[in-house]
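Chains as they are written, first to last, in our numbering: chain E, 1 to 139; chain X, 1001 to 1139; chain Z, 2001 to 2139; chain P, 3001 to 3139; chain D, 4001 to 4139; chain B, 5001 to 5139. Contents: one structure, followed by commentary.
6 protein chains.
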Amino acid sequence: MRGVATLAETSGGSGADVVDSFKDVAPGLGRLIVAHCYGDIFCRPALDPKVRELGAISALAAQGTVAAEKPLGVHIDAALNLGATPEEIVETLFNIIPYAGYPLIEKALLIAHDRISLFDDKQVDGSPSDHRTLDMCSG
Amino acid sequence: MRGVATLAETSGGSGADVVDSFKDVAPGLGRLIVAHCYGDIFCRPALDPKVRELGAISALAAQGTVAAEKPLGVHIDAALNLGATPEEIVETLFNIIPYAGYPLIEKALLIAHDRISLFDDKQVDGSPSDHRTLDMCSG
Amino acid sequence: MRGVATLAETSGGSGADVVDSFKDVAPGLGRLIVAHCYGDIFCRPALDPKVRELGAISALAAQGTVAAEKPLGVHIDAALNLGATPEEIVETLFNIIPYAGYPLIEKALLIAHDRISLFDDKQVDGSPSDHRTLDMCSG
Amino acid sequence: MRGVATLAETSGGSGADVVDSFKDVAPGLGRLIVAHCYGDIFCRPALDPKVRELGAISALAAQGTVAAEKPLGVHIDAALNLGATPEEIVETLFNIIPYAGYPLIEKALLIAHDRISLFDDKQVDGSPSDHRTLDMCSG
Amino acid sequence: MRGVATLAETSGGSGADVVDSFKDVAPGLGRLIVAHCYGDIFCRPALDPKVRELGAISALAAQGTVAAEKPLGVHIDAALNLGATPEEIVETLFNIIPYAGYPLIEKALLIAHDRISLFDDKQVDGSPSDHRTLDMCSG
Amino acid sequence: MRGVATLAETSGGSGADVVDSFKDVAPGLGRLIVAHCYGDIFCRPALDPKVRELGAISALAAQGTVAAEKPLGVHIDAALNLGATPEEIVETLFNIIPYAGYPLIEKALLIAHDRISLFDDKQVDGSPSDHRTLDMCSG
């Protein structure tokens, strides 16, 4: 299915976990996430994949809903997988303070801190991210 | 004042217009916009200026408030001034469809279309953007 | 008090639990929920009670605030009590994907899944819902 | 394309106008609206088409963004095309007062009043709505 | 009807205009605004009337929806009627910058500037506000 | 640093806890909270400190995001420190029901109940609040 490769190459395991979590609840939702979000949208070529993920982080942090917390974590993982530095992710959150106010950013920074720590732990464990070269829409 | 140079080099005329519009209403607000938004936040170095503007566009489009419409236009201008292509700006909006839904993006695309047309007109008139090289925090 | 019967006949136990939860916090709030929400609004006759609950589910899922999660559960219970099928509830959530984006719906679907499972368990236990015939504004 | 028939049979002219309005701005958006919103979502069978439109009205009114105003009008038109009475539409808006507060409903009621008036004018002019029987996913 | 006196003594003409604007659209809404908002809520005694209006301004500015703009104007009028100074109203808006960000406050300040100008014009014309002593729940 | 005294004299311990919680995550955020929120905004003189806190409570409750919950608690603490009665805080929340709907207020009331209980416990323990007289911008 279109979108499968993009999912694997960006959000990786944490994106697939979200799709899987709807297997028994509403499998149609998992299929739409892959086909529409990853297949129709995220694999469009006009935007650098890392910049795309930083844009997603900006939007999800600005929404600040409880529902945006899990996808915010998924797209922080994806940004790290695609080569964003922790500094770029933190700065992406600081950047929206003027538009969104401090409480939303405070919450998002705590989520970012957790995801970056997990990512760092995995690197040390010898499972380096090798997702930098993307061929995203072949799925 | 810290922030003046960053304002001039990114949002340019349309950012200064916003600051000026509060001259008779609440001049303290204009000062805070320059000192805090541009001086404390936007001139921090960890993020590429064009990527910073695309993040701002993502956040403002995701909020979708009527109040976000004017700053969305300002930061689309800034992204164009900093070398973003119209395709990158449009794609930045498509990118948040999965998080924010279609109505917000429809509205934002119409604003982007207007700002891009105005930018193109200015280029043809012989006033090329020369803001690509930034030394943003000297103000 | 006007609204008591509507509360009992729609949201049933889970609506009464919400009202009771404010007994020691701010009893005036519980009274306003019954008198205004159930007495002034929900017992108005122009809308089929099941359709009214599906509309409530649509609105609460679209808001996506953390505060909307408990009432979303209450009105999913009410829709089930009033004869909505699980498929109608799930489809009511899919229906707002284009307006509200995927994260809000993902969260709401997990809540719906829990409430539907609890409802199914009660049916099997021999306490069938008999709330289908409503005489809602006699309270 | 999948979704074309559903668009025509529900939102009719005012839905097509929205799609057309992106022809010169971002034609890809119009295609996604038809293929995803109408083709993937709105033509799913589990929900009565009129109830689906009343759910859309509930969600869009609850969002209350400026961007939701145009689609709110489109789906009020669709509800009327599918046989909803003006009373049902007005009641659908009253129904969300407890969740969304008065300002959002005040705004939405004024939009509903305009769309219902336009619909009534068309009926008198001899172009009756004959969209009640739907075969929505044949497109 | 309970609430009529509170409406007259706080929001005055601009509140009554809102209620009247629904006379032909949905008269039930106007009645609920008077009976519930003014009769059940705004005439409760535990809060100083001016502080109540400044709280309303804070909440409406923080929402930032297009629908909140008219009530924001109404409650700025009410605050002025109840003796709030223009400086207190402007400061009430500055106060929420940290929570709500700059765009919402920019928008709200422009609305406040208009309402304060109109209020000042009326004072000069010899129709002084004499609403300071309130007996708000006798209606 | 400007803002330190205001932080200590209003939000007291729970405000300082928030600043400290970013020490290892993003220390720059803690500095901006003190310098901008407390130094630039909260120590401006035009608004009575207690009224300022009640306005903050109004705005944060009206936002209803999960991220607003912690600052809502902090500013309820601050209002109590500055002499607001529990009745005034509860009434400040009731006051926004017409604008924000019941779910947001239900959530906020539970938070207020917890903070008021904690504050009462401290008073009984012999550590009375003596923060009533403020000299807020000397820091």
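All C-beta atoms, glycine included, are put in the ideal place defined by N, C-alpha and C.
Asked                                                                                                                                                                           : Found
Pick helix, strand or coil for B/ALA5078, following the three-state DSSP scheme.                                                                                                : helix
Would you list, in chain order, the members of the region 4087-4109 of chain D that have their beta-carbon closer than 7 angstroms to a beta-carbon of chain E?                 : PRO4098, TYR4099, ALA4100, GLY4101, TYR4102, PRO4103
Under 7 angstroms, do D/PRO4103 and X/ALA1067 count as touching if we go by C-beta distance?                                                                                    : yes
Nearest to P/LEU3047 by CA position, among Z/ALA2046, Z/GLY2055, Z/ASP2040, Z/MET2001, is which residue?                                                                        : Z/GLY2055
Do you know offhand how far D/ASP4017's Cα is from E/ALA59's?                                                                                                                   : 38 angstroms
By Cβ distance, which residues of its chain are closer than 7 angstroms to E/THR151, with the 5 residues on each side in sequence left out?                                     : Past the boundaries of the shown model lies residue 151 of chain E; chain E is included only from 1 to 139, so the question cannot be answered.
Could you tell me if X/LYS1023 is buried or exposed, where buried requires 16 or more neighbouring beta carbons within 10 angstroms of its beta carbon?                         : exposed
D/LYS4070 by DSSP, collapsed to three states: which one?                                                                                                                        : helix
Keeping to the same chain, check which residues put their C-beta closer than 8 angstroms to that of X/ASP1020; ignore five residues upstream and five downstream.               : GLY1030
With a Cβ-Cβ cutoff of 7 angstroms, do B/ALA5062 and B/ALA5100 count as a contact?                                                                                              : yes
In angstroms with no decimal places, state the Cα-to-Cα distance between E/VAL90 and E/ASP121.                                                                                  : 18 angstroms
Within 10 angstroms of its Cβ, does B/GLU5087 collect 16 or more other Cβ (buried), or is it exposed?                                                                           : exposed
Taking D/HIS4036 as the query, report the chain Z residues whose CB atoms sit under 7 angstroms from its CB, ordered along the chain.                                           : HIS2036, ASP2040
Quick one: give me the first and last residue of the alpha helix (DSSP H) that E/THR6 is part of.                                                                               : 4-9
If you measure between the beta carbons of P/ALA3026 and X/LEU1080, is that distance less than 7 angstroms?                                                                     : no
Please classify E/CYS43: does DSSP put it in a helix, a strand, or coil?                                                                                                        : coil
On the three-state DSSP scale, how would you describe E/VAL90?                                                                                                                  : helix
Can you grab the Cα-Cα spacing for the pair E/VAL74 / E/GLY12, in whole Å?                                                                                                      : 9 angstroms
Would you report the Cα separation of X/GLU1106 and D/ARG4044, rounded to the nearest angstrom?                                                                                 : 43 angstroms
If D/GLY4039 and D/GLY4003 are in contact, beta carbons under 8 angstroms, what's the gap, nearest whole angstrom?                                                              : 3 angstroms
So, is the C-beta of Z/SER2011 closer than 7 angstroms to a C-beta in chain P?                                                                                                  : no
Is any beta-carbon of chain E found at less than 7 angstroms from that of X/GLY1083?                                                                                            : no
Measure the C-alpha to C-alpha separation of B/VAL5124 and X/LEU1007 and round it to an integer number of angstroms.                                                            : 53 angstroms
Considering Cα atoms alone, identify which of B/PHE5119, B/ASN5095, B/GLY5064 is closest to B/GLY5083.                                                                          : B/PHE5119
Can you tell me where the alpha helix (DSSP H) holding X/VAL1051 begins and where it ends?                                                                                      : 1049-1063
Alpha carbon to alpha carbon, how far is B/SER5117 from B/PHE5094?                                                                                                              : 19 angstroms
Can you tell me whether DSSP reads E/LYS23 as helix, strand or coil?                                                                                                            : coil
Could you work out which residues of chain E lie near X/VAL1004, taking near to mean beta carbons separated by less than 7 angstroms?                                           : Correct list: empty, because the minimum Cβ distance to chain E is about 16 angstroms.
Pick from Z/ALA2005, Z/MET2001, Z/GLU2069, Z/ALA2035: whose alpha carbon is nearest that of Z/ARG2115?                                                                          : Z/GLU2069
Under 7 angstroms between C-beta atoms, does E/LEU29 make it to chain X?                                                                                                        : no
Rounded to a whole number of angstroms, what is the C-alpha to C-alpha distance between P/LEU3032 and P/PRO3049?                                                                : 21 angstroms
Quick one: is B/ARG5115 near chain D, going by C-beta distance under 7 angstroms?                                                                                               : no
Chain P partners of Z/VAL2051, CB-CB under 7 angstroms?                                                                                                                         : VAL3051, LEU3054
Less than 7 angstroms between CB atoms is the rule here; does X/VAL1066 satisfy it with respect to chain P?                                                                     : yes
In its own chain, which residues sit with a C-beta less than 6 angstroms from the C-beta of E/GLY64, not counting the 5 before and 5 after it?                                  : LEU104
Spatial neighbours of P/HIS3036 within its chain, please: CB distance less than 8 angstroms, with the 5 preceding and 5 following residues excluded, ordered by chain position. : GLY3003
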